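Trainee: Before anything else, here's the structure in question.
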Amino acid sequence: MSVNILGIESSCDETSAAIIRDTKILANIIAGQEVHRNYGGVVPELASRAHQQNIIPVIDQALKHAKIQKNQLHAVAFTRGPGLLGSLLVGTSFAKAFAMGTGIPIIEVNHLKAHILAHFIDDEMHTVPAFPFLCLTVSGGHTQIVRVDDPHTFAIIGETIDDAAGEAFDKAAKIMGLPYPGGPLIDKLAREGDAAAFDLSKPKIPGYDYSFSGLKTSFLYLVRDELKKDAGFIEKRKADLAASMQRVIVEVLLEKLGRAAHDTGIGEIALAGGVAANSGLREALVKEGAGQGWKVHIPKMAYTTDNAAMIAVAGYFKYLKKDFASQDVVPYTRGII
Ligand code: KG4
Ligand code: ZN
Numbered sequence: 038m039s040v041n042i043l044g045i046e047s048s049c050d051e052t053s054a055a056i057i058r059d060t061k062i063l064a065n066i067i068a069g070q071e072v073h074r075n076y077g078g079v080v081p082e083l084a085s086r087a088h089q090q091n092i093i094p095v096i097d098q099a100l101k102h103a104k105i106q107k108n109q110l111h112a113v114a115f116t117r118g119p120g121l122l123g124s125l126l127v128g129t130s131f132a133k134a135f136a137m138g139t140g141i142p143i144i145e146v147n148h149l150k151a152h153i154l155a156h157f158i159d160d161e162m163h164t165v166p167a168f169p170f171l172c173l174t175v176s177g178g179h180t181q182i183v184r185v186d187d188p189h190t191f192a193i194i195g196e197t198i199d200d201a202a203g204e205a206f207d208k209a210a211k212i213m214g215l216p217y218p219g220g221p222l223i224d225k226l227a228r229e230g231d232a233a234a235f236d237l238s239k240p241k242i243p244g245y246d247y248s249f250s251g252l253k254t255s256f257l258y259l260v261r262d263e264l265k266k267d268a269g270f271i272e273k274r275k276a277d278l279a280a281s282m283q284r285v286i287v288e289v290l291l292e293k294l295g296r297a298a299h300d301t302g303i304g305e306i307a308l309a310g311g312v313a314a315n316s317g318l319r320e321a322l323v324k325e326g327a328g329q330g331w332k333v334h335i336p337k338m339a340y341t342t343d344n345a346a347m348i349a350v351a352g353y354f355k356y357l358k359k360d361f362a363s364q365d366v367v368p369y370t371r372g373i374i
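Numbering (the working numbering), first residue to last: 38 to 374.
Right, dumping it as structure tokens:
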């Protein structure tokens, strides 16, 4: 028997609802939040208000798009954490009420595991990793190398000790006066720039862990010093600045990933999270993989940044184990995978 699952994502600044039949996507509706653009980052209070406004329309659209009636759903999966509390509460409370009204079970999903399990969305556009695999999860809030042994067994073998890779992109963009989120803008500018134009200091952290705060400071000082000499520096060199910053972030990410792959002997490598949309990272990983003999798995763009399809697919794996949550489940804001 096939299983129809409604997935709900509201951890940060996208309100999303998806419907899957087993691992096949029937609908994946995402409402972004323009309201944060001029603040240089997500404003939590504004995010929860926007989720509150968006949640009913996105669920409604997902049901219509999937041509599914509420009574054909078998479970509702929602992001329990990590994320912003006010934002998570909107999705969590909606999922509980919806499940109570329709008499179906609720499934709580970890946002980071869902980013990884997005690889199992049934879509002929990409390949599915074989277990065990290493996943480089890079988003606005997290940067991790995760060993995945099956859809329920995850082990973090390296992670950032300060900023996430997405934050490094966003902060560099902010220093250049670009709006939030800056990652996609840096990506676009970098295509026109010289990646070797500027030297930026790389972190020296032992093991498989990452650090991006020193790199951000190095970028800030470079821009500050050059602006003293020429007020038009950013405008004249923005493509070179973006390309140089992107090159260093990508080099740092791949260095540790390469070390982890070498030491664990795992050659199945996957990429996940919002920064997985970065064209420089995608290209560099494919190139590195070809050189190292890895099997590289890169998700379709639509499943890299926050979306409910990944929540629904993660929920599907838990549904198979009848791993349901109770009505007293509450969100968590921080980390654990
Ligand atoms: O996974 P995600 O949508 O949300 C979190 O869970 O954080 O990731 C958002 C992050 C932001 O920092 C954004 O700037 C970054 O992903 N991002 C990119 C690109 N697209 C999104 N960074 C670099 N290049 C991109 N093309
Ligand atoms: Zn995310």
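Note that beta-carbon positions come from the ideal geometry of N, C-alpha and C, so glycine has one too. Computed from a predicted model, the values in this text were never measured in an experiment.
If we count Cβ pairs, one from each stretch, closer than 8 Å, do we get three or more for the segment 46 to 63 versus the segment 101 to 116?
Mentor: Short answer: they touch.
Trainee: So what's residue 115 in DSSP terms, helix, strand or just coil?
Mentor: DSSP places residue 115 in strand when its eight states are reduced to three.
Trainee: Between residue 200 and ligand 2, is the CB less than 6 Å from at least one heavy atom?
Mentor: Because no heavy atom of ligand 2 lies under 6 Å away, the Cβ of residue 200 does not count as near it: no.
Trainee: Would you say the beta carbon of residue 376 is closer than 6 Å to some non-hydrogen atom of ligand 2?
Mentor: As displayed, the chain neither begins before 38 nor continues past 374, which places residue 376 out of reach and without an answer.
Trainee: Nearest to residue 235 by alpha carbon, out of 50, 283, 322 and 78?
Mentor: Comparing Cα positions, the closest option is 283.
Trainee: Along the chain, which unbroken stretches of the beta strand (DSSP E) at least 3 residues long are found entirely within the segment 72 to 138?
Mentor: Taking only runs of at least 3 residues, the beta strand (DSSP E) segments lying wholly in the segment 72 to 138 are 112 to 118.
Trainee: Compute the minimum distance between the beta carbon of residue 124 and the heavy atoms of ligand 2, and state whether it is under 6 Å.
Mentor: Checking the Cβ of residue 124 against ligand 2 gives no.
Trainee: Only counting the same chain, and skipping five residues up and downstream in sequence, which positions put a Cβ closer than 7 Å to that of residue 359?
Mentor: Nothing listed; no residue qualifies.
Trainee: Please work out which residues of its chain come closer than 7 Å, Cβ to Cβ, to residue 199, disregarding the five sequence neighbours upstream and downstream, and give them in chain order.
Mentor: So the qualifying residues of the chain are 248, 249 and 250.
Trainee: Just to confirm, are residue 171 and residue 370 a CB contact at a threshold of 7 Å?
Mentor: No, they are not a contact pair.
Trainee: Using 8 Å for Cβ pairs, my map puts residue 48 next to residue 343. What's the rounded Cβ distance?
Mentor: Contact holds; Cβ gap of about 7 Å.
Trainee: Counting pairs of Cβ atoms below 8 Å between the segment 149 to 167 and the segment 328 to 348, do you hit three or more?
Mentor: The segment 149 to 167 is in contact with the segment 328 to 348.
Trainee: Hey, would you say residue 291 sits closer than 7 Å to residue 327, going by beta carbons?
Mentor: No. Outside cutoff.
Trainee: Could you tell me which whole beta strand (DSSP E) segments of length 3 or greater appear in the segment 293 to 338?
Mentor: Correct list: 305 to 309 and 332 to 334.
Trainee: Does residue 158 come out as helix, strand or coil in the three-state DSSP assignment?
Mentor: The answer is coil: DSSP assigns residue 158 none of H, G, I, E or B.
Trainee: For residue 63, name the three-state secondary structure that DSSP assigns.
Mentor: Residue state, collapsed to three classes: strand.
Trainee: Closer than 6 Å: is that where the CB of residue 41 sits relative to any heavy atom of ligand 1?
Mentor: No, the Cβ of residue 41 stays beyond 6 Å of every heavy atom of ligand 1.
Trainee: Among the residues of its own chain, which have a CB less than 7 Å from the CB of residue 152, if the five just before and after it don't count?
Mentor: Counting only Cβ-Cβ distances below 7 Å, and skipping sequence neighbours, we find 174, 176, 309, 310 and 347.
Trainee: Helix, strand or coil for residue 245? Go by DSSP, reduced to three states.
Mentor: Coil.
Trainee: Start and end of the beta strand (DSSP E) containing residue 184?
Mentor: Unbroken beta strand (DSSP E) run through residue 184: 180 to 187.
Trainee: Can you list, in chain order, the residues of its chain with a C-beta nearer than 6 Å to that of residue 114? Leave out the 5 residues immediately preceding and following it.
Mentor: 42, 44, 144, 146, 348, 349 and 352.
Trainee: Tell me residue 68's beta-bridge partners as DSSP assigns them.
Mentor: Bridge partners of residue 68: 52.
Trainee: Going by the C-beta, is residue 47 closer than 6 Å to any heavy atom of ligand 2?
Mentor: Checking the Cβ of residue 47 against ligand 2 gives no.
Trainee: So, under 8 Å CB-CB, residue 150 and residue 191 are touching, yes? Tell me the CB distance rounded to an integer number of Å.
Mentor: Yes, they are in contact, since the Cβ atoms of residue 150 and residue 191 sit about 6 Å apart, within 8 Å.
Trainee: Can you tell me whether residue 53 sits near ligand 2, meaning its C-beta is under 6 Å from at least one heavy atom of the ligand?
Mentor: Because no heavy atom of ligand 2 lies under 6 Å away, the Cβ of residue 53 does not count as near it: no.
Trainee: How is residue 284 classed by DSSP in three states: helix, strand or coil?
Mentor: Looking at residue 284 - three-state DSSP - the assignment turns out to be helix.
Trainee: Take the Cβ of residue 230 as the centre, count every other Cβ of all protein chains shown within 10 Å, and call the residue buried at 16 or more, exposed below.
Mentor: Label assigned to residue 230: buried.
Trainee: How far does the beta strand (DSSP E) with residue 174 in it extend, from its first residue to its last?
Mentor: Residues 170 to 175.
Trainee: For residue 265, count the other beta carbons within 10 Å of its own beta carbon; 16 or more makes it buried, fewer makes it exposed. Which is it?
Mentor: Classification for residue 265: exposed.
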